[in-house]
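Taking it in order: structure first as structure tokens, then the write-up.
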Amino acid sequence: MSVAASLCLLGVLGAVYNNFYYAEASPDQALRLIVRNRVSLANPFPIAYRARILQVPGVDEAVIYQWFGGVYKDARDTNNFFGRFAVEPDRIFRVYPEFKLADAERLAFQRERSACIVGRKLANRLGFKLGDRVQIVGDIFPMTLELVIRGIYDSQADNENLFFNFEYLNKGFGGRRQMDRISTLVLHVRSTDLVPTVSRQVDDLFRNSDVQTLTESEHSFQLSFLAFLGNVKLFFLMISSAVAFTMFLITANTMAMSVRERTREVGILKTIGFTPSEILRILIGESVTIALIGAAAGLWLATLLVNLLRSAPSTFADLSTLRMPPEIYWLGFASAAVLGLLACFFPAWSASRLSIIDALRVTD
Amino acid sequence: MSAATPQAVITTRALTKEYRRQEYHVYALRDASIDINAGEFVALMGPSGSGKSTLLHLIAAMDRPTGGEILVLGHDLRAMSESEVARWRNAHIGFIFQSFNLIPVLTALENVELPLKLTRLSRRERLDHARRALELVGLGDRLGHTPRQMSGGQEQRVAIARALVTDPDLILADEPTGNLDANSAKDVLSLLTRLNEEFGKTVVMVTHDPHAARTASHVRYLEKGRLLPNGEVPEDWAPIHA
């Protein structure tokens, strides 16, 4: 049980860790770069930078991707939390070609200033339908959005956001004055080979400006959100170490008790003719087998939990690509086997060396 | 070992087992000399703490003597390593305990099969031998029963089947009827007699019970760790004419 519970937790942690730090970007993601203020996400940068960025060889398109925030219905209900971004409807689909939307819905989104589109998963979660009105009260921006859902897009990964027209924000927020700064700009690069060069060249463009930029991959950008929570790597390491240590202690104690309870049996086996080394092999074999059964149960449970997490709302990070990588299974089984061996070795060795008379003297 | 007769399967000379606890020396067995011939059924009797079980354990090489000599089936047990002794015990000794000592999670058939796992027999052969041993002790219909599903008498018969399944030369029984009712004890003693008389097995049995001792062909007494001379009986004990 202890091995199963611990490996379940370690399996889930491993899968999440792998998803955060080692997950491979999809072909579309690999072509995108995100530009933001080098200081922090909270500091915007001039919208005028876009014109110069589009001049960089390899940059196909650049779309404003402005976080709006705000409150939808009751902010205390975490179910009401989702991403709300102001984007340019005529550019967004060139940067995010994986967003699948009916042509009529796409046209409506591009034509109406108050139109918005939502991801399929979000629509399912909150029961959104085409034509529904959505009111979002601004907190960063002092305005209330009155939006109409004109499209529901499908996407393999990012499908829990609401996108509305940047022009609506621009006009509503600034009145007659246009917004001149934005938080993020998403670039579409022609080829993955050009991505590192483009990233460097964009940042070099503004190296001597008052406002410098940081251009990074979508994956790195997502990790920077995660970093808001603190040192997540250390957090993972600490939890995993604590779980592994506790698992070792509990398992070692259980195995020691189990061997102690079987001391009399050891005496019987020796009387029958089993040698100390054969008894040691039997006890260790049983311990390793029990640990492996525990590992199988724990990893199976972890797989179920990972599947559940994958369909859970993405609050801090996108978990829609969460998977149990094969390495976690191998690592889990290997650590369980080593644990079974280590936890049992010393009590089993002592028991196998007991004299028959001493072993038989032990009462159940 | 000059006194050993040609047919003696057990010969001990001044066999001693001494326990030392700091300055205290306790003799569980002192200077025990005995010859037991092939095909004999010998009962070892004596009060508690007299050293009879110790003598039996030394004969079975379950314990090591601290002095004297012991030759069992021509083997000097003191010269053998622990692994050699284990294999020798498996091949030549069948041991029966007072408290049966069956493995509780195994069935009767599996318990009896256990000693054969150390042989080169195939699984089918092992199970065949175990089945026949259980049939011999009258438990052919209890093969799949675990010890918890059997009476004490039946458990002891399974233990006897386990002791004889390897066709050992010597059967050593440590108070085999001590935990049984009168009827079960009678069955077990009949079995031991049969093994001795029909199959020619040498049987050495430790017992408190004069009725049990009567089934033996010879009775030897021990008192305070000493083996009494042949025919001598401890004080306050009525002699048994076996």
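Line by line, the protein sequences are chains A and B. Going by numbering that gives the first Met the number 0, the residue at position 218 of the first sequence is 217; the numbering climbs one at a time, nothing skipped. Going by numbering that gives the first Met the number 0, the residue at position 147 of the second sequence is 146; the numbering climbs one at a time, nothing skipped. Built from N, CA and C at the ideal position, the CB exists for glycine as well. All values derive from a computational prediction rather than experimental measurement.
The residues Phe84, Val86, Ile91, Cys115 and Ile116, in chain order, have a CB closer than 7 Å to that of Phe162/A in the same chain once the five nearest residues on each side in sequence are set aside. Burial state of Leu298/A is buried, judged by a 10 Å Cβ sphere holding 16 or more other Cβ atoms. Three or more Cβ pairs closer than 8 Å define a contact, and the region 153-170 of chain B meets that threshold against the region 122-142 of chain B. When the alpha-carbon of Thr165/B is set against those of Val8/B, Thr206/B and Gly93/B, the nearest one is in Gly93/B. Closer than 8 Å to the CB of Met61/B there is at least one CB belonging to chain A. With respect to Ile238/A, Ile46/A sits apart: the two C-beta atoms are not nearer than 8 Å.
Listed by position along chain B, the residues whose Cβ is nearer than 8 Å to that of Glu264/A are Ile102. For Asn79/A, same chain residues with a beta-carbon under 7 Å away, outside a window of 5 residues either side, are Tyr71, Lys72 and Asp73 in chain order. At a cut-off of 8 Å between C-beta atoms, Gly339/A does not count as an interface residue with respect to chain B.
DSSP places Thr253/A within a helical segment (H, G or I) once states are collapsed to three.
The DSSP-derived three-state label of Phe244/A is helix. Put simply, the backbone Cα of Phe44/A is about 16 Å away from that of Phe220/A.
Annotation: Cβ neighbours of His56/B in chain A (cutoff 7 Å, chain order): Ile356. With respect to Ile33/A, Val185/A sits close: the two C-beta atoms are nearer than 8 Å. Sequence-distant Cβ neighbours of Leu222/A in its own chain, meaning closer than 8 Å and more than five residues away, are Phe19 and Tyr20. A Cβ-Cβ separation of about 13 Å leaves Ala156/A out of contact with Ser310/A under the 8 Å criterion. At least one CB atom of chain A sits nearer than 8 Å to the CB of Ala85/B. Counting only runs that start and end inside the region 28-100 of chain B, the alpha helix (DSSP H) elements of at least 4 residues fall at 51-58 and 81-91. Secondary structure within the region 72-121 of chain A: the alpha helix (DSSP H) runs of 4 or more consecutive residues, fully enclosed, are 88-94 and 102-110 (chain order). About 5 Å separates the beta carbons of Ala85/B and Thr274/A, which is inside the 8 Å limit, making them a contact pair. Burial of Gly331/A is indicated by the presence of at least 16 other C-beta atoms within 10 angstroms of its C-beta.
Within the region 258-285 of chain A, Arg263, Glu264, Gly266, Ile267, Leu268, Lys269, Thr270, Ile271, Gly272, Phe273, Thr274, Pro275, Ser276 and Glu277 place their CB atoms closer than 9 Å to a CB of chain B, listed in sequence order. Counting along the chain, Gly150/A sits inside the beta strand (DSSP E) bounded by residues Thr143 to Tyr152. Bridge pairing for Phe162/A: Phe84/A and Ile116/A [DSSP].
Within the DSSP secondary-structure output, Arg132/A pairs in a beta bridge with Val147/A. The three-state reading of DSSP puts Arg131/B in helix, counting H, G and I together. In its chain, beyond the 5 residues on either side, Val34, Ile52, Val55, Thr212 and Thr214 have a beta carbon closer than 7 Å to the beta carbon of Val201/A. With respect to chain A, the C-beta atom of Arg119/B has no partner C-beta closer than 8 Å. By the criterion of at least three beta-carbon pairs nearer than 8 Å, the region 289-296 of chain A is not in contact with the region 11-18 of chain B. About 7 Å separates the CB atoms of Ile35/B and Thr201/B; that is less than 8 Å, so the two are in contact. Boundaries of the alpha helix (DSSP H) around Tyr20/A: Ser1 to Tyr20. Selection Leu30/A, Gly69/A and Leu100/A evaluated against Gln134/A yields Gly69/A as nearest (Cα-Cα).
By DSSP's assignment, Lys16/B forms a beta bridge with Leu28/B. DSSP links Thr118/B through a beta bridge to no other residue. Gly73/B and Gly45/B have their C-alpha atoms some 27 Å from each other.
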